[in-house]
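Residue numbers (the UniProt record's numbering), protein chains in the order written: chain A, 1 to 501; chain B, 1 to 501. This report refers to the structure that appears directly beneath it.
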Ligand SMILES: [Zn+2]
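Structural data, given as structure tokens:
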């Protein structure tokens, strides 16, 4: 019998909808796989066996009664990043401070998944409050990269990407503030998309940096990502920053791309994202990918985006500033961790001691950075200047998209680094998001699609494709065409079966 | 709490110093729902029942602006002769306090929706003072804390605190004056008159309950003194939450006498917030401003900017009702009142009520007589303000109409008004339920007349003999028999008819 965990989401959906297999069987296969390998991967913080099986039974019941599937991926299992609220199911954001919190409401993304009949297997590990590039900042231990378990799976959404590479789920949801979907996708050989800012509702996405956060699809193929994208995207009146416009036709674009023809597409290579700091194997993989895009008929030109160089420092002022305010609510008064409530401490002391105990080092570092950047007397020099850089980066993108349809670069300068290698060097850690941050600052759409393995260490490399805001469909057309040309990759992931924790 | 405070005699204060006032008034809007969520905006209620993820600041929840609140803010701005911003934003005001769910207040900072206005205030003697308005901006209210134990009722020293978030997120408009200078000894009176004028204005616009006793209108009074002949403002204090008109006047006067004593003895005024003591009219020190927090304001990233179109602003301008002072000018002319008569009307709080009663169809004389005499008595007996009586101008107009049409006598009308004041419903309901209608059915009256004539044949004889004034005794008997519900004039006519006089 076919190993159901090896199928793509679209393949699984076809079998379920034709009633060749049931959603319950597909769900059980993935739950079994999680039970077998997650001790070695630690992709999941919580597995909701009962909730998943109930959702699967509902889909099977409806199909048995002759009803049409409620969505193209109805019945397909999915791993949900633990930063999106799930009613009655733990939502920790990888933090001690929310260890026992049961949200009383579903995020809009969660609700849309449920309404589409998608089976939520559980919640995936992440850097605490999505702050990090390695998932080592989780309060619940690091997630390991299925390609090499001594290495990081990227971050902050390492759990979601690792669950795909470990065949624990065919689909996952990530969130991307500075690269937290794309960089994990790159280092795990999977696909990850940061939609246009406002394309997917942020309601119920526990905020790190409100003006940058965006939830998006993670999958093992571009088409699967497109199918998931269409389920979660669309206007939401509960999110004021949600765009009231039709969802770009991403599935149609992915199917068009699968035909392998990019004639008439203009691709711009970002000149600033190469050279020093870029691993040679990553650079070679990227150059090979660009050559393949040409072979597919695309016209390739080099484009300069001079202000992209300032993206990283601007990001490390804007994101911490917003986070210092967003995370102020974790004060022990209404929910979450509360320490020192022993009758001898004042409310102010309980707030302070709880925050001391509940937040990890990286979260504290960013809260302090942001508090400082917003302080009176420093605001203009830091937060104010960073906002100006943001405008310049948006202009760089606009100028570039007058010349080309999409921009490309490596997703991240290196392949997966070793666990522990950068924990004591935050600046080295921050460099992992060098190429992904500009799209967050400008709010446009971007994807990471695997460009094979680095010839020097045999680890996955990601090709980043960037498109203008609301032109997410361009990512899918180019990404799917490239994926066909590149050929299969995931059959080269080391076998995890039989591993022990 | 009973430390002796030096106060300077008021006459001496105004001889030696010029007071400078700044008034900040917070007004709770009477919208159906809260500022950023769909929870009901109602005073009171069981604690923590008017709450949802957004107004509790739960992780992931997002705000959506209440369009009605923006509309009210613009209308208030227009009524205060302000410019309305073509583009403005919300900002986060960051500080920690347990009754503030997010530990930041969503407010407006350097981009208020309305600015540069003025309000003309009429003092008791008819003098008009123009108070310049700096700005009016939108924000959300906090929850309420109840600090149990401890001496002061404040958070420091309390044994424990109870939190009620029903008020959290209620829409507020904060109206800030420019410094009010040159008022001399009338400064306390100007402060009261300004708040009273604002209250009357907002009530006429029907945008707020403006109940100072319930906190839907709250005033913070900034007071400083400068020695006569100088022009540099002194150090100010801010007396918080002064919750009646009388208290506004007392608080300003007290601060003037206290600060003058400090300055005269060579001391310096401490910049601080102070609390008003209702019992003795004094103020006491709160936290000092030197240690006050840096609010780290920055634009609210969860909300989009507000850009009211000029067409919309003009539409709203057309909805501003006749303003209270304009109406007063008009009624003085129309009713031919002396300045003194008008002032009496205004001082009892009756002017607007009389005008509204006239608008509802009553004759000015009748309307004035009801409000100034009978209802003012009723308000005094109940120790409430005239406007807070449970009867509306529309009710009073209806009662006047019923008297005019002969359906009620004056005595019955007062009974109906008592019923309305007792909460028995609209005048017509009270008439029906209490059975107070004048007996106008002649046949019923004739029976009573015949009975009364038969009972007093000697009187009947006198009338028949031409002593028409003797009919009074029969009228009295009929009125007694009909429990006063007969129209005495008609009874007299029937008696004369019956005896053939
Ligand atoms: Zn609410």
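Ideal Cβ positions, reconstructed from N, Cα and C, are used throughout, including at glycine.
Using CA atoms only, rank isn't needed, just tell me which of the options is closest to residue i.
| i | options | result |
| --- | --- | --- |
| residue 82/A | 161/A, 495/A and 446/A | 161/A |
| residue 15/A | 52/A, 36/A, 76/A and 66/A | 76/A |
| residue 464/A | 456/A, 478/A and 458/A | 478/A |
| residue 476/A | 301/A, 157/A and 226/A | 226/A |
| residue 219/B | 236/B, 205/B, 242/B and 200/B | 242/B |
| residue 199/A | 166/A, 208/A, 84/A and 239/A | 239/A |
| residue 20/A | 31/A, 4/A, 32/A and 33/A | 4/A |
| residue 145/A | 434/A, 483/A, 417/A and 440/A | 417/A |
| residue 336/B | 365/B, 357/B, 315/B and 411/B | 365/B |
| residue 138/A | 358/A, 170/A and 486/A | 358/A |
Look up residue i in the DSSP assignment and give the residues it is bridged to.
| i | result |
| --- | --- |
| residue 76/B | Beta-bridge pairing links residue 76/B to no other residue. |
| residue 170/A | Bridge partners of residue 170/A: none, in fact. |
| residue 104/B | 94/B |
| residue 464/A | 409/A and 448/A |
| residue 162/B | 146/B |
| residue 298/B | 92/B |
| residue 118/B | 132/B |
| residue 418/A | 151/A |
| residue 497/B | Paired residues: none, contrary to the question. |
| residue 137/B | 174/B |
| residue 19/B | 225/B |
Grouping DSSP H, G and I as helix and E and B as strand, with all else coil, what is residue i?
| i | result |
| --- | --- |
| residue 65/B | coil |
| residue 490/A | helix |
| residue 265/B | coil |
| residue 274/B | strand |
| residue 18/A | coil |
| residue 77/A | strand |
| residue 100/A | coil |
| residue 4/A | helix |
| residue 151/A | strand |
| residue 339/A | coil |
| residue 392/B | coil |
| residue 8/B | coil |
| residue 532/A | For chain A, the structure presents residues 1 to 501; residue 532/A sits outside this window and is missing. |
| residue 305/B | coil |
| residue 500/A | In this prediction, residue 500/A scores a pLDDT of 48, lower than 50, which makes its location untrustworthy; the coordinate-derived value is nonetheless stated afterwards. Coil at residue 500/A, not helix or strand. |
| residue 392/A | helix |
| residue 145/A | strand |
| residue 174/B | strand |
| residue 1/B | Caution applies to residue 1/B, whose pLDDT of 42 falls short of 50 and renders its modelled position unreliable; the value that the coordinates give is listed next. In this structure, residue 1/B counts as coil in the three-state DSSP scheme. |
| residue 472/A | helix |
key: Interface positions of the segment 36-61 of chain B facing chain A (Cβ-Cβ less than 8 Å), listed along the chain   = 53, 56, 57, 58, 59, 60 and 61
ask   = Do the segment 249-262 of chain B and the segment 214-229 of chain B meet, that is, are 3 or more Cβ pairs less than 8 Å apart?
value = yes
ask   = Counting Cβ pairs, one atom from each stretch, are 3 or more of them under 8 Å apart for the segment 393-408 of chain B and the segment 420-430 of chain B?
value = yes
ask   = Just by C-beta distance, which residues in the segment 269-299 of chain B are closer than 7 Å to chain A?
value = 294, 296 and 298
inquiry  = When you compare the segment 135-147 of chain B with the segment 326-342 of chain B, are there three or more beta-carbon pairs, one atom per stretch, that lie closer than 8 Å?
reply    = no
ask   = Taking one C-beta from the segment 36-53 of chain A and one from the segment 115-135 of chain A each time, how about it: are there three or more such pairs within less than 8 Å?
value = yes
query = Is there contact between the segment 400-416 of chain A and the segment 316-328 of chain B, where contact requires at least three CB pairs shorter than 8 Å?
reply = no
message = At a CB distance below 9 Å, what residues from the segment 183-214 of chain A approach chain B? Give them in sequence order.
response = 201, 202, 203, 204, 205, 206, 207, 209, 210, 211 and 212
key: Contact set between the segment 68-90 of chain A and chain B, restricted to residues whose Cβ is under 9 Å from the partner   = 83, 84 and 85
task = Flag this pair as touching only if the segment 95-107 of chain A and the segment 56-64 of chain A have three or more C-beta atom pairs under 8 Å; answer yes or no.
result = no
query = Counting pairs of Cβ atoms below 8 Å between the segment 194-207 of chain A and the segment 104-114 of chain A, do you hit three or more?
reply = yes
inquiry  = Residues of the segment 158-170 of chain B in Cβ contact with chain A at a cutoff of 9 Å, in chain order, please.
reply    = 158, 159, 160, 161, 163 and 165
task = Would you check if there are 3 or more beta carbon pairs closer than 8 Å linking the segment 225-242 of chain B to the segment 93-104 of chain B?
result = no
ask   = Got a sec: which bits of the segment 376-404 of chain A sit with their beta carbon under 7 Å from any beta carbon on chain B, in order along the chain?
value = 376 and 383
message = Quick check: the segment 81-95 of chain B against the segment 257-267 of chain A, are at least 3 beta-carbon pairs closer than 8 Å?
response = no
query = When Cβ atoms are compared, which residues of the segment 73-104 of chain B fall closer than 8 Å to chain A?
reply = 92, 94, 96, 98, 101, 102, 103 and 104
key: Cβ pair count under 8 Å reaching 3, the segment 3-10 of chain B against the segment 318-334 of chain A   = no
inquiry  = Counting beta carbon pairs with one atom in the segment 128-136 of chain B and one in the segment 168-188 of chain B, are three or more of them shorter than 8 Å?
reply    = yes
query = Can at least three beta-carbon pairs, one atom from the segment 333-351 of chain A and one from the segment 111-124 of chain B, be found at a separation below 8 Å?
reply = no
key: the segment 206-216 of chain B in contact with the segment 235-253 of chain B per 3-pair CB rule at 8 Å   = yes
ask   = If you pair each beta-carbon of the segment 97-112 of chain B with each one of the segment 158-171 of chain B, do three or more pairs fall below 8 Å?
value = yes
query = How do the segment 146-154 of chain A and the segment 174-191 of chain A stand: do at least 3 beta-carbon pairs fall below 8 Å, yes or no?
reply = yes
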